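The next block holds one structure in the form of structure tokens; read it before the comments.
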Amino acid sequence: MQKLTVTLFIFSFLLLGVALCVVPELIHNKQKEIIQLALFILACLIDIVALRHHQKHSITR
130 MQKLTVTLFI
140 FSFLLLGVAL
150 CVVPELIHNK
160 QKEIIQLALF
170 ILACLIDIVA
180 LRHHQKHSIT
190 R
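With my numbering, letter number 44 in the sequence shown gets 173, and the count goes up by one each step, no holes.
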């Protein structure tokens, strides 16, 4: 169960890295901020899911 939580956290950090490093290099128009914000929100939602998954399985132990 913990493997899923760790995998989700790693994936969210990768999304943040893409939002902060890759998107500015590839996109040079006004949509850049929208894409960065969308990736940031997606990473936050993944973190919330990972935390809830971890809490759910740590309480049942």
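Glycine residues also receive a C-beta, built at the ideal position from the N, C-alpha and C atoms.
Since we're looking at a predicted model, the values are computed, not measured.
### Query
Can the beta-carbon of L155 be found less than 8 Å from the beta-carbon of A172?
The answer is no: Cβ separation not under 8 Å.
### Message
Are the CB atoms of P153 and K159 within a distance shorter than 8 Å?
### Response
no
#### Entry: Start-to-end residues for the alpha helix (DSSP H) that takes in A167
Q160 to I188
### Query
So, H182 versus T134, is the Cβ gap smaller than 8 Å?
yes
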